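Novice: Structure incoming, see below.
Residue numbers (mature numbering (1 follows the signal peptide of the UniProt record, and there is no 0)): -21 to -1, 1 to 1016.
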């Protein structure tokens, strides 16, 4: 009977989707995500899905099921649904307790996450197939099969131990089997029947073509966009006639907020071969008629550039974000932010240097930013583009580039005329807002140096009173351009409201979401003897508006201090509200929280004797948190770590055979990987952090503080991380930097950190001869050593004082943290170092030979010379250079810093201060791995005369110049190369013939004979023109 029902439903619901879709099984499943931060804190999320459509949610606060559609209850009675809710409630409570109880025994490490997917698939030829799969930290862990728990193939011994434990409970196994094999199919069939109107819904797709970023010279990336269709199954490809193109690339089918879908299909072709191509779309809503779009020529948006002529065109650029047609009357009332605006900040340091920053905001939510280095817009939400095509977005980015460049030029050209004194800053804000009655208000305001300067009202420029005569003159100038004012008014008063309505509709699912706050109490730094600073933390809520205050009964406390509402990386918010009270008066106080997500029920926390999580947070979210958490996330999921040692050994062996290391001290330098963090705290409300990762002297990673993303500086910087791991890593860094700032500022007074101050962290590991040779973790305060991790404990640095001792005493209380740090430094970091060496070995093993030459520096004193040996253009960095007399190193040799070139090669300057009469016989010796064991040796021949002085002497001494020219002509007539019998420039005789007084500027590149020949001729010419070499001239005559 059930099989017949499934067959009929499959025909009824999927018959129009094509043969392929009809064969797909019907499925219903529930998804669970449980996060465990520590042994006392856990959070659960749950949802129900009918295929790709979410039908249910789980309210973890009230312990109830959320029915997302009118038919989500299926044909279950209210009594059955109540029983299911009770079952889920008991399950989540029991899961939390059992997991926390057995975490230590099963070696689960906090923080951890458990995911579960359970449900059933209904086939036309089978009654039902139930399933339950569980994952730990994102990797398959166990499943339920044939009445028993089975560990996954990818899992380790922990999964086997867990299954052995769970298989002891026969009642639980019977319950799971009953739910997946009986309850789920019955509920799914009822759900299919109740929701068939929605499930049979057919929405036709909209399709258009555009071009993407160029794949290379002479090539095009053709893009076919298919949007707004339902149901999900769709077939799209690029064709030439009836022939499908093999290079077609299909993206993921992504959901719209209204339940429809979007797909992007691309094709990389030679530009001349694009003609004749078409995009073909098949979907059940089209009634068997394919949609075909032919590639042709598209209108260029660059005509808009005409409007970007004067600085005021900020108005037009603003409106370009709004350009879209919209019928406002067809939209439902919206609850959420009702304004959109763009902000521009332009800083002018002088007449030749300026910088622009731009961003777009929907209420308090940032939607866009501007990457001034790349010259492109950064879209911070999936729906930030609205329904713009990729071609329109690309054109818009180019418009912004032209605008910002033109704005800078125009301001710099007229800065003197309008008496703008460098440095100065210009700010602009423009946008529109909606009102409940349906009206709109648009605005544009400009400021100079943070002071109101002008605004646009009723299509006219109005100078601000604070702007003075300069603002009046600029407005008078703007009034001359009626066309620009009309365009600006149209864009602000018509186009902006249309865009605002559109983006509110596209993003309504996120904008209308409600996330309940979490709240807890703690104490802050003591305000004084006998007093307490009570702190109420409210975190993780959305939307932003929230009301929090300290109360005694129903009486608000006047001394309540409310901090800024700060953003979390996940888009939720955090607020800290404090109250300074006498210690004896704290009893009876409470913190009251009101938020739209609470449904009118206030959250009240009574002050008692809470455990201060501030101290716990301090112990966890201090600078070491970067090392504690980031590498854990990177490496715990590696299933092939045992191979890394072999890879490193192979890389070391290959490097040893292909790239000899330089002899001497440079050859003994160990390999290292380390992370750097520098956090600056200007005051209790402003801080800035920077982060970077380094492989030896090569920077491999950076942290973009504007976008909160990792910058991978080399193609191999990602190692073998998955995209999901990198996304998790970025989220972790965002959370870390945000929490680090809050905690440091909260405890700065307690640990006597005086503003402004800076904290630095350096942590990593070293390798020598193919094995770990050490690790390190050092923290600094104001540039001075503060603490370090040694052995298995935190140690204050010598001279760091009592502050470092206090911090170390707190950190040393946490044994688990110390064990994790030790494991990460001793095991995880070396494994990561091995992996990145393997991924980047082609670049890291590159060998570039140095060039070397000699010169003199500024005279150290009467009768003395400063000899300079320049070594340039070498890679890798380790190099050995020394002034020598014979085989004797000269003790007075001074080695400068090894400095980078723009092409990633290096430069070194080595000097020696000697008496002028003792310079003869000295030489500069260079050793580098690229030289294959053959040193570069450059002999100092005597006092060196700079080439510029030589040229000056030649130009001034005209008679001598004429004589020299005649000698050169004679030489030319006798032959342009040395006579066959002449000594070779490489021979000892040749060196003697040139003599010690004619060394000039010498340049040597090993095994580059053609450079030697050219330089030999140059040296010969220089010596001929040297006024101080009469013996040479006479010998040539």
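Think of the CB as a built atom: it goes at the ideal place given N, C-alpha and C, for glycine as much as any other residue. Everything numeric in this text was worked out from a predicted model, so none of it was measured.
1) Measuring CB atoms only, is the region 767 to 779 touching the region 689 to 699, in the sense that at least three cross pairs come out at less than 8 Å?
2) At the level of alpha carbons, what is the spacing between residue 542 and residue 568?
3) Near residue 652, which residues of its chain fall below 6 Å by C-beta distance, leaving aside the five closest residues on each side in sequence?
4) State the beta-bridge partners of residue 173 as determined by DSSP.
5) Could you tell me which residues DSSP puts in a beta bridge with residue 760?
6) Jot down the residue ranges of each uninterrupted alpha helix (DSSP H) in the region 105 to 148, minimum 4 residues, whole runs only, in chain order.
7) For residue 731 and residue 700, what's the separation of their Cα atoms in angstroms?
8) Return the bridge partner residues of residue 557 from the DSSP annotation.
9) Which class does residue 96 belong to by DSSP, given the choice of helix, strand or coil?
10) What first and last residue would you give for the alpha helix (DSSP H) that runs through residue 488?
11) CB residue 450 to CB residue 433, shorter than 9 Å?
12) For residue 519, tell me which candidate among 824, 379, 555 has the shortest Cα-Cα distance.
13) On a Cα-Cα basis, can you pick out the residue from 578, 583, 561, 763 that is closest to residue 570?
14) Tell me the rounded alpha-carbon separation between residue 686 and residue 658.
15) Check residue 393 in the structure and name its three-state DSSP category.
16) In this structure, how does DSSP classify residue 830 when only helix, strand and coil are distinguished?
17) Whose CA, out of 852, 258, 875, 357, lies closest to the CA of residue 861?
18) Tell me whether the beta-carbon of residue 341 lies closer than 9 Å to the beta-carbon of residue 470.
19) Are there three or more Cβ pairs, one per stretch, closer than 8 Å when the region 196 to 211 is compared with the region 234 to 252?
20) Distance, Cα to Cα, residue 986 vs residue 741?
21) What did DSSP end up calling residue 779 once you bin it into helix, strand or coil?
22) Nearest-angstrom Cα distance between residue 436 and residue 472?
23) Let's test the definition: count the other Cβ atoms within 10 Å of the Cβ of residue 194 and tell me whether it reaches 16, buried, or not, exposed.
24) Tell me the rounded alpha-carbon separation between residue 527 and residue 371.
25) State the CB to CB distance for the pair residue 779 and residue 790, rounded to an integer number of angstroms; the pair is presumed to be in contact (CB under 8 Å).
26) Classify residue 181 as helix, strand or coil using the three-state DSSP reduction.
27) Given a threshold of 16 other Cβ atoms within 10 Å of its Cβ, counted over all protein chains shown, does residue 58 qualify as buried or as exposed?
28) Going along the chain, which unbroken runs of the beta strand (DSSP E) with 3 or more residues stay wholly within the region 325 to 358?
29) With DSSP run on the structure shown, which of helix, strand or coil describes residue 498?
30) With residue 447 as the anchor, note down where its alpha helix (DSSP H) starts and where it stops.
31) Within 10 angstroms of the Cβ of residue 517, are there 16 or more other Cβ atoms? Answer buried if so, exposed if not.
32) For residue 788, name the three-state secondary structure that DSSP assigns.
33) Let me know if residue 702 comes out buried or exposed under the rule of 16 or more other beta-carbons within 10 Å of its beta-carbon.
34) Restricting to Cα atoms, I'd like to know which of 115, 165, 217 is closest to residue 99.
35) For residue 248, which three-state DSSP category applies?
36) Going by Cα to Cα distance, which pick from 708, 677, 737 is closest to residue 668?
Specialist: This is what the structure gives:
1) no
2) 19 Å
3) 674, 743, 812
4) Under DSSP, residue 173 takes part in no beta bridge, so it has no partner.
5) 738, 763
6) 136 to 145
7) Put simply, the backbone Cα of residue 731 is about 41 Å away from that of residue 700.
8) 514, 540
9) strand
10) 487 to 490 is the extent of the alpha helix (DSSP H) around residue 488.
11) yes
12) Looking at the Cα atoms, 555 is the closest of the given residues.
13) Closest by alpha carbon: 583.
14) 17 Å
15) helix
16) strand
17) 875
18) Result no, Cβ atoms of residue 341 and residue 470 do not sit closer than 9 Å.
19) yes
20) Confidence in residue 986 is poor, its pLDDT being 38 and thus under 50, which makes the residue's placement too unreliable to answer from.
21) coil
22) 11 Å
23) exposed
24) 44 Å
25) Their Cβ separation, rounded to whole angstroms, is 14 Å, which puts residue 779 and residue 790 out of contact at 8 Å.
26) coil
27) exposed
28) 332 to 341, 344 to 350, 355 to 358
29) strand
30) 447 to 457
31) buried
32) Correct three-state label for residue 788: helix.
33) exposed
34) 165
35) strand
36) 737
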